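Below: the structure, in structure tokens.
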Amino acid sequence: MPTYAVTGATGRLGRLVIEQLLASGVPATEIAAIVRSPEKAADLAARGVEIREATYDDPSMLPGAVAGVRRLLLISGDTPGQRLAQHTAVIDAATLAGVERLIYTSILKADTTTNPLAPEHRATEEVLAASGLTHTVLRNSWYIENYTDQLPQYLRTGTILGATGGSRISAATRADYAEAAVSALTRPADGDAVYELGGTAFTFDELAEAVTEVTGSTVVHRDLSTAELASTLENVGLDAGTAGFVAALDHSIALGELATDSDDLSRLLGRPSTPLRDAIRAVRA
Ligand SMILES: NC(=O)c1ccc[n+]([C@@H]2O[C@H](COP(=O)([O-])OP(=O)(O)OC[C@H]3O[C@@H](n4cnc5c(N)ncnc54)[C@H](OP(=O)(O)O)[C@@H]3O)[C@@H](O)[C@H]2O)c1
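Heads up, the sequence shown is in our numbering, so the first residue is 150 and it goes up one at a time.
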């Protein structure tokens with residue numbers, strides 16, 4: 150039976166976690182990838198990782214997916230509105246199966262933030278606490294990739310639009326969060342833990358400076374009000390609900406809710422987190 154199992158293993162974070170587990174020396178036979186589409190995991194199967202098919206939406210598939218697993222990484226689902234039921238189903242299956250430790254990817258400051266994505270994370274943390282499972286909560290701030298994925302648009306328009314009011318954001322790369330998850334999975338058990346994970350904080354002005362410096366193309370940051378950002382996004386084709394949602398995410402940044410001075414990420418990594426400029430350079434390469 151594999152020691153470790155990772156849900157969402159064909160997703161971007163899950164794939165990085167499996168790669169880094171393997172790179173850290175964990176044998177492939179000790180790893181189970183829990184996936185809803187096994188055909189997407191053929192490359193992992195070819196390397197000896199055990200593929201277990203399950204969707205969060207069908208609780209009957211979950212006991213088999215977690216059977217015999219000692220340490221389970223539950224990567225949060227990607228469908229807001231359904232996630233609490235999905236995560237609860239996994240936690241219930243893990244509890245019944247006697248999983249030794251469950252690690253869950255939450256959001257920074259889950260217990261206090263007004264971020265519209267947070268209520269399902271907060272509720273999942275509560276289910277986890279009530280389950281009696283030994284657990285580790287990885288409260289991840291934003292991925293740097295949320296910004297570097299927009300590099301072509303920044304360069305085309307010369308502008309980074311936002312409504313963050315000059316506040317900082319402790320974004321870190323997916324690869325760093327994956328490595329931190331591997332550290333949490335593989336370290337000796339020490340009871341329940343909550344980590345507030347974020348990289349070196351930057352403002353959108355500093356993001357624009359970094360993009361300009363790395364690419365050699367001048368990009369400036371334009372700070373709007375939340376309402377202005379929502380209407381600008383609607384003008385470029387987003388529906389009102391999505392535009393308002395995106396603007397609300399920036400409002401949460403403006404409130405400082407995605408910034409942290411915690412050094413939990415670098416402590417789990419055993420090194421400083423990847424600098425913003427290196428992440429931009431990696432995309433350019
Ligand atoms: N901190 C941030 O900035 C940030 C940004 C985006 C997302 N997130 C959160 O972090 C999670 C991981 O990020 P990511 O970049 O790896 O996202 P991703 O690439 O979209 O991966 C999501 C994974 O969840 C799996 N999944 C979705 N619904 C499922 C279901 N019903 N049953 C089983 N598996 C299901 C997907 O399966 P398939 O491979 O079959 O599609 C995929 O493997 C996201 O799901 C989201 O909760 C955080």
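Ideal Cβ positions, reconstructed from N, Cα and C, are used throughout, including at glycine.
Owing to the predicted nature of the structure, the values given are computational and were not obtained by experimental measurement.
Using a Cβ distance threshold of 9 angstroms, residue 159 and residue 186 count as a contacting pair.
Scanning its chain for C-beta atoms nearer than 8 angstroms, with the 5 sequence neighbours on each side dropped, one finds no residue around residue 301. Relative to residue 230, the option among 196, 195, 273 whose CA is nearest is 273. Look at residue 289: its beta carbon is less than 8 angstroms from one of the heavy atoms in ligand 1. If the five residues before and after residue 276 are omitted, its C-beta is found closer than 6 angstroms to the C-beta atoms of 237, 240, all from its own chain and listed in chain order.
If you compare the alpha carbons of 398, 394, 201 with that of residue 151, the shortest gap goes to 201. Residue range 389-403 is occupied by the alpha helix (DSSP H) that includes residue 401. Bounds of any alpha helix (DSSP H) do not take in residue 292, whose DSSP letter is neither H nor E.
Residue 178 sits in a helix when the DSSP states are folded into three classes. Not one heavy atom of ligand 1 sits closer than 8 angstroms to the Cβ of residue 325.
Assigned with DSSP and collapsed to three states, residue 319 falls in coil, not helix or strand. According to DSSP, residue pairing for residue 372 in a beta bridge involves 311. Short of 7 angstroms from the beta carbon of residue 424, and not among the five residues preceding or following it, lie these beta carbons of its own chain, in chain order: 349.
Counting along the chain, the unbroken alpha helix (DSSP H) around residue 361 starts and ends at 353-364.
In this structure, residue 379 places its C-beta atom within 9 angstroms of the C-beta atom of residue 393.
Here residue 388 is exposed. Its C-beta has fewer than 16 other C-beta atoms within 10 Å.
Between residue 408 and residue 332, the CB-CB gap reaches or exceeds 9 angstroms. Not one heavy atom of ligand 1 is found less than 8 angstroms from the C-beta of residue 153. Taken in chain order, the whole beta strand (DSSP E) runs of length 3 or more contained in the segment 189-221 are 199-202. Residue side-chain check: residue 413 keeps its Cβ at 8 angstroms or more from all non-hydrogen atoms of ligand 1. A residue is called buried once 16 or more other Cβ atoms fall within 10 Å of its Cβ, and residue 382 is buried on that count.
From the listed residues 254, 166, 285, 309, the smallest Cα separation to residue 338 is found for 285. Assignment of residue 155 by DSSP, reduced to helix, strand and coil, places it in the strand class. Remark: C-beta atoms of residue 153 and residue 181 approach each other more closely than 9 angstroms. Remark: C-beta atoms of residue 347 and residue 401 do not approach each other more closely than 9 angstroms. Taking the Cα positions, residue 384 is about 21 angstroms away from residue 296.
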